[in-house]
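So the sequence shown is numbered by this note's numbering: it starts at 2 and just counts up by one. Beta carbons: idealized from backbone N, C-alpha and C, even for Gly. Single-structure report; data block below.
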Amino acid sequence: PAAAEAAAPHDHPPPRAARGTMKKKPTLPSAPSIPTEQKSQLLAALLDEKQGEDIVVIDVTGTCPIAEHIIVVGARGQRHAQSLADAAMHLAKEKNFISFGMEGYDGGTWILVDLNDIIIHVFQDDVRRFYNIEGLWAEGKRVDAPTGLKRESDLED
């Protein structure tokens, strides 16, 4: 009897795996072999096409522990911000980019889209000025935006 109690203690049921009900861990989509620079240019061009304002791409490789590039884009209002975030997520799904989702979508004043190596910040103007993400990552390197994008340097002329 003592050996039977040691082999199968009655206080603890067997783990789920032992009972055959263990679920498989979800697998993330595989990232295509596209460099971060090219991926951020695709996203920036898309945001420009969707009339995003003052698009800034910052290379934060080695500076930011959670991303390699940060894209900051302005929106004219809640619906526009949501539209920009939706477009970025649609492109990510279409191109099979890894995506960890987004935050702030319902409010639409600041939407963060997490695409693993790229983080997109969609801001309405007053919130963008208040949080100053570009200033926060000033040690990062500005990346030239694709042709046709409105950059801060273009606005100063």
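Using C-beta distances below 6 Å, list every residue in its chain close to residue i, excluding the 5 sequence neighbours before and after it, in chain order.
{"i": "Ser100", "result": "Ala93, Leu116"}
{"i": "Thr64", "result": "Glu140, Gly141"}
{"i": "Ala76", "result": "Ala82, Leu85, Val123, Gln125"}
{"i": "Glu38", "result": "none"}
Buried or exposed: residue i, going by 16 or more other Cβ atoms within 10 Å of its Cβ?
{"i": "Arg129", "result": "buried"}
{"i": "Gln42", "result": "buried"}
{"i": "Glu69", "result": "buried"}
{"i": "Gly109", "result": "buried"}
{"i": "Gly102", "result": "exposed"}
Taking only the alpha-carbon atoms, compute the straight-line gap between residue i and residue j and give it to the nearest angstrom.
{"i": "Asn133", "j": "Asn97", "result": "30 Å"}
{"i": "Asp60", "j": "Val123", "result": "17 Å"}
{"i": "Thr62", "j": "Glu104", "result": "22 Å"}
{"i": "Arg80", "j": "Pro36", "result": "31 Å"}
{"i": "Glu95", "j": "Val114", "result": "15 Å"}
{"i": "Phe131", "j": "Val144", "result": "23 Å"}
My assumption, with CB atoms under 8 Å, is that residue i sits in contact with residue j. Please give the rounded CB distance.
{"i": "Gly78", "j": "Gln125", "result": "7 Å"}
{"i": "Ala86", "j": "Ile112", "result": "4 Å"}
{"i": "Ile119", "j": "Lys40", "result": "6 Å"}
Give every residue of the same chain whose Cβ lies closer than 7 Å to the Cβ of residue i, excluding the five residues on either side of it in the sequence, and list them in chain order.
{"i": "Ser84", "result": "Lys51"}
{"i": "Gly136", "result": "none"}
{"i": "Asp127", "result": "none"}
Within its chain, find whatever has a CB closer than 8 Å to the CB of residue i; leave out the 5 residues flanking it on each side and keep chain order.
{"i": "Tyr106", "result": "Gln83, Ala86, Ile112"}
{"i": "Leu47", "result": "Ala88, Ala89, Leu92"}
{"i": "Trp138", "result": "Ile59, Val61, Thr64, Cys65, Ile71"}
Quick check on the DSSP output: the alpha helix (DSSP H) that includes residue i runs from which residue to which?
{"i": "Ala68", "result": "Unbroken run through Ala68: none, as it is neither H nor E."}
{"i": "Gln79", "result": "79-96"}
{"i": "Glu50", "result": "37-50"}
{"i": "Ile134", "result": "134-137"}
Measuring only from the beta carbon, is residue i closer than 8 Å to any heavy atom that is part of the ligand MN?
{"i": "Ile120", "result": "The ligand MN is absent from the structure shown, which contains no ligand whatsoever."}
Going by DSSP, what residue range makes up the beta strand (DSSP E) through residue i?
{"i": "Gly102", "result": "102-104"}
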